[in-house]
Amino acid sequence: MSKLQIIDLHVNVEGKEILKGVNLELNTGEFHVIMGPNGTGKSTLVSTIMGHYKYEVTKGQILLDGEDVLKMSVDERSRKGLFLAMQYPSEIEGVTNSDFIKSALHARMDKDEKFSLIKYIKSFEKAASELKMREDLPHRYVNVGFSGGEKKRNEILQMKMLKPKFALLDEIDSGLDVDALKIVGENVNQMKSNDFGALIITHYERLLDYLRVDKVHILMQGKIVTSGSLELIEKIDQEGYDFIKDEFGLSDEEEDAKVGIIGSCAVKDSLGDHNG
Amino acid sequence: MIIMANQVKVKKLVSIKDEILKNSLIKIAKGTNRVIFNDSLNRSSAELIIEEAATCTYITFDQGKQATFSNVVARLKKNATLHMYNIVTSNQNASINVKVDLEEANANVDIINLVLLINQASLDSFIDIYHHVDHTTSNLSNYAIAKDEAVITLNNNATIKKHAFSSVAHQQTKGLTLSKKTKIIALPNLYIDEYDVVANHACAIGSISKEDLFYLMSRGLTEQDASKIVVMGYVKPILDHITDEKIKKNVEEAFAEKLLS
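From first to last, the protein sequence lines are chains B and E.
Using our numbering, you'd call the opening residue of the first sequence number 1 and step up by one each time.
Using our numbering, you'd call the opening residue of the second sequence number 1001 and step up by one each time.
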């Protein structure tokens, strides 16, 4: 059993505080869902856990089995068992999926450990077939020329191959059609075990039809304002986030004032009231 | 005459004619197919005459054992094709000078420069392509990687002469700078004296994307391995053009070695 703890996490992006004290605890064998309106810091949270260069932690801790994650480099975090399935995965020209995953597996191996190519090929083919991906996937360059849905499935394929302790799934359901959503949902669900847990960001209830979710957290204005069971999602689906705002006395956040600069490349919406 | 792009020629091909007088003349006979491989830029010059419907694949692979240069002049006849690969992995100064005359209709040239330069070396590439007649095609692609304090200058010139209608000239340069002290300079020039033509150029030079590095590292690769993967990935699609597996493997190894040096 492993444990991921997020304690009073404060995070800035380009000088603006996005996360304002997030507390969360996740064990392997558990699936937690994070929901919240746009721009409340959901992606910031998972990207920070993985160590994205854009996010600056100003306060708080992230612990993986008691070890300080914030002191680890991105690759160390991965090798320790964290995995981020990204909303917009990079396209890596000239690197085949097969070579990429092989390199990632090599990076996890002990010096004396032997790599079985046959075992690798078999497990790759099995994972690709379970995700109903094209047969030429191993030879295609990473995410190059992939549709949105293929990219998301490729993230799940990597997750299946790398077998992390904790997966952070950042809107893995966006851009998926109904069938692909089912495939992705079922594949993630199959991984649930005493050795695997997931933190899932989603806007839609439909993905959760395929997942055995243990807890739901609502992230608003940079904090987890409430947690509960799946019933919470049903209520949000029916009533939106307003009832939470009312319940917890949250007011709408003021947006930064937009200033239009005539003579530069000002776009229409940035001109606001000055647009005549 | 319509002149596109930046109208800069950094140097002239003054040396070529003199060099040719004392160097090799290679004729590719009508309708034949020939591969020529040079294992360095070999401080020499060559004149290629590619006769009607002949195809020549001209590969130069220089691993930088010494400061060097190469001058090649190619003349293409009707329906002739030239595929030229200039592959350089070097810590030495080098220059590549190529002049191509598309003399008869449907002559076609593809040139790919694949260059990895390290330390304080500099490389000048000067490619001059002339479309003398109608229905001629040229494709010039540069893939340049500069490490440490290396400087790469890529001077690309295509001239489409009057009456060379329905001709096509493409130029593209992709550059990857692996340190703040490197420089990759692209000088694309298209000189066009005919209306009914297609001519374009494209250029993208930059460092390794931070987002790509993050993506690869988030799968457990160290920064060094992730960088190597990105750079080798940059090279690989170009190597796919080379059908000889042995040459391809040697080039891959040479790139990997220079990148890690």
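For glycine and all other residues, C-beta sits at the position ideal for the given N, C-alpha and C.
Contact under 8 Å by Cβ, residue i with residue j
{"i": "K192 (chain B)", "j": "R212 (chain B)", "result": "yes"}
{"i": "D170 (chain B)", "j": "M35 (chain B)", "result": "no"}
{"i": "S1179 (chain E)", "j": "K1147 (chain E)", "result": "yes"}
{"i": "I1247 (chain E)", "j": "F1061 (chain E)", "result": "yes"}
{"i": "L250 (chain B)", "j": "Q221 (chain B)", "result": "yes"}
{"i": "L1221 (chain E)", "j": "D75 (chain B)", "result": "yes"}
{"i": "V188 (chain B)", "j": "I156 (chain B)", "result": "yes"}
{"i": "V1231 (chain E)", "j": "L1259 (chain E)", "result": "yes"}
{"i": "K1161 (chain E)", "j": "D1193 (chain E)", "result": "yes"}
{"i": "Q1172 (chain E)", "j": "H1131 (chain E)", "result": "no"}
{"i": "L1154 (chain E)", "j": "A1199 (chain E)", "result": "no"}
{"i": "L82 (chain B)", "j": "P164 (chain B)", "result": "yes"}
{"i": "L19 (chain B)", "j": "G197 (chain B)", "result": "no"}
{"i": "L137 (chain B)", "j": "L168 (chain B)", "result": "no"}
{"i": "L24 (chain B)", "j": "I224 (chain B)", "result": "yes"}
{"i": "I7 (chain B)", "j": "G41 (chain B)", "result": "no"}
{"i": "I1112 (chain E)", "j": "S1141 (chain E)", "result": "yes"}
{"i": "D195 (chain B)", "j": "T28 (chain B)", "result": "yes"}
Cβ-heavy atom distance, residue i to the ligand SAM, below 7 Å
{"i": "D1244 (chain E)", "result": "By its list of ligands, the structure shown contains no ligand whatsoever, and the ligand SAM lies outside what it can speak to."}
Cβ-based burial, residue i [other Cβ within 10 Å; buried from 16]
{"i": "P89 (chain B)", "result": "buried"}
{"i": "K1022 (chain E)", "result": "Here K1022 (chain E) scores only 47 on pLDDT, less than 50, and its place in the model should not be relied on; the value that follows carries that caveat. Counting Cβ neighbours within 10 Å, K1022 (chain E) comes out exposed, since fewer than 16 surround it."}
{"i": "L1025 (chain E)", "result": "exposed"}
{"i": "N1033 (chain E)", "result": "exposed"}
{"i": "V95 (chain B)", "result": "buried"}
{"i": "R153 (chain B)", "result": "buried"}
{"i": "G346 (chain B)", "result": "For residue 346 (chain B) there is no data in the structure shown, the boundaries of chain B being 1 and 276."}
{"i": "S1045 (chain E)", "result": "buried"}
{"i": "S1167 (chain E)", "result": "buried"}
{"i": "F1037 (chain E)", "result": "exposed"}
{"i": "Y53 (chain B)", "result": "exposed"}
{"i": "N1189 (chain E)", "result": "buried"}
{"i": "I1184 (chain E)", "result": "buried"}
{"i": "H106 (chain B)", "result": "exposed"}
{"i": "N1157 (chain E)", "result": "buried"}
{"i": "H32 (chain B)", "result": "buried"}
{"i": "Q158 (chain B)", "result": "buried"}
{"i": "E113 (chain B)", "result": "exposed"}
Identified DSSP bridge partners for residue i
{"i": "M161 (chain B)", "result": "Paired residues: none, contrary to the question."}
{"i": "Q1171 (chain E)", "result": "E:L1140 and E:H1201"}
{"i": "I1049 (chain E)", "result": "E:K1027 and E:R1075"}
{"i": "Y53 (chain B)", "result": "Its beta-bridge partners do not exist; DSSP assigns none."}
{"i": "M1084 (chain E)", "result": "E:Y1058 and E:I1111"}
{"i": "T1182 (chain E)", "result": "Per DSSP, none; premise fails for T1182 (chain E)."}
{"i": "V144 (chain B)", "result": "For V144 (chain B), which the question treats as bridged, DSSP gives no partner whatsoever."}
{"i": "S1209 (chain E)", "result": "Bridge partners of S1209 (chain E): none, in fact."}
{"i": "P1188 (chain E)", "result": "E:N1156"}
{"i": "K278 (chain B)", "result": "With chain B covering only 1 through 276, there is no way to say anything about residue 278 (chain B)."}
{"i": "M220 (chain B)", "result": "B:K223"}
Neighbourhood of residue i by C-beta distance below 6 Å, restricted to the same chain and skipping five residues each side
{"i": "Q1120 (chain E)", "result": "E1149"}
{"i": "L1114 (chain E)", "result": "I1087, Y1143 and I1238"}
{"i": "A1226 (chain E)", "result": "L1213, L1216 and M1217"}
{"i": "N1139 (chain E)", "result": "D1110 and H1170"}
{"i": "I1096 (chain E)", "result": "S1070, N1086 and S1125"}
{"i": "A1204 (chain E)", "result": "K1174"}
{"i": "A1107 (chain E)", "result": "L1076, A1080 and T1136"}
Spatial neighbours of residue i in its chain, beta-carbon cut-off 7 Å, leaving aside the 5 residues before and after
{"i": "E186 (chain B)", "result": "Y210"}
{"i": "Y204 (chain B)", "result": "D173"}
{"i": "A1254 (chain E)", "result": "Q1063 and T1089"}
{"i": "R77 (chain B)", "result": "M50, G51 and V69"}
Any chain D beta carbon closer than 8 Å to residue i
{"i": "T1222 (chain E)", "result": "The displayed structure is made up of protein chains B and E, and chain D is not among them."}
Cβ-based neighbour list, residue i, same chain, cut-off 8 Å, excluding 5 preceding and 5 following
{"i": "E1103 (chain E)", "result": "R1075, L1076, K1077, H1132 and V1133"}
{"i": "L230 (chain B)", "result": "L208, V213 and V216"}
{"i": "E135 (chain B)", "result": "A128"}
{"i": "E67 (chain B)", "result": "K80"}
Return the residues of the segment 147-176 of chain B that lie within a Cβ-Cβ distance of less than 7 Å from chain E, sorted by chain order.
Shown in chain order are the members of the segment 147-176 of chain B whose Cβ falls below 7 Å from a Cβ of chain E: Q158 and L162.
Members of the segment 54-69 of chain B near chain E, C-beta cut-off 7 Å
Within the segment 54-69 of chain B, no residue qualifies.
Please identify, using Cβ separations under 7 Å, the residues of the segment 90-109 of chain B that lie next to chain E, in order along the chain.
So the close ones are S90, I92, E93, G94, V95, S103, A104, A107 and R108.
Return the residues of the segment 1228-1259 of chain E that lie within a Cβ-Cβ distance of less than 8 Å from chain B, sorted by chain order.
So the list reads I1229, V1230, M1232, G1233, Y1234, V1235, K1236 and P1237, given in the order they occur along the chain.
For the segment 130-142 of chain B, which residues have a beta carbon sitting closer than 7 Å to at least one beta carbon of chain E?
Interface annotation for the segment 130-142 of chain B against chain E: empty, criterion Cβ-Cβ distance under 7 Å.
Chain-ordered residues of the segment 185-201 of chain B with a beta carbon less than 7 Å from chain E
From the segment 185-201 of chain B, no residue has a Cβ closer than 7 Å to chain E.
What residues in the segment 1127-1140 of chain E have a beta carbon less than 7 Å from any beta carbon of chain B?
Here the close residues number zero.
Residues of the segment 1092-1115 of chain E whose Cβ lies closer than 9 Å to any Cβ of chain B, in chain order
Among the residues of the segment 1092-1115 of chain E, none has a Cβ less than 9 Å away from any Cβ of chain B.
Taking a cut of 9 Å between CB atoms, which residues from the segment 1051-1082 of chain E lie near chain B?
Near chain B, meaning a CB-to-CB distance below 9 Å, no residue of the segment 1051-1082 of chain E qualifies.
To be precise: take each residue of the segment 1190-1220 of chain E, compare its Cβ to all Cβ atoms of chain B, and keep it if any distance is under 9 Å. Which residues remain?
Listed by position along the chain: S1209, K1210, E1211, D1212, L1213, F1214, Y1215, L1216, M1217, S1218, R1219 and G1220.
Using Cβ-Cβ distances below 7 Å, what residues of the segment 33-55 of chain B are close to chain E?
Listed in sequence order: M50, H52 and Y53.
Contact residues within the segment 112-127 of chain B, judged by C-beta distance below 7 Å to chain E
When C-beta distances to chain E are compared with 7 Å, every residue of the segment 112-127 of chain B stays at or above that value.
Cβ-based contacts, 9 Å cut-off: residues of the segment 74-88 of chain B near chain E
Close to chain E, meaning a Cβ-Cβ distance shorter than 9 Å, are the following residues of the segment 74-88 of chain B: V74, D75, E76, R77, S78, R79, L82, F83, L84, M86 and Y88.
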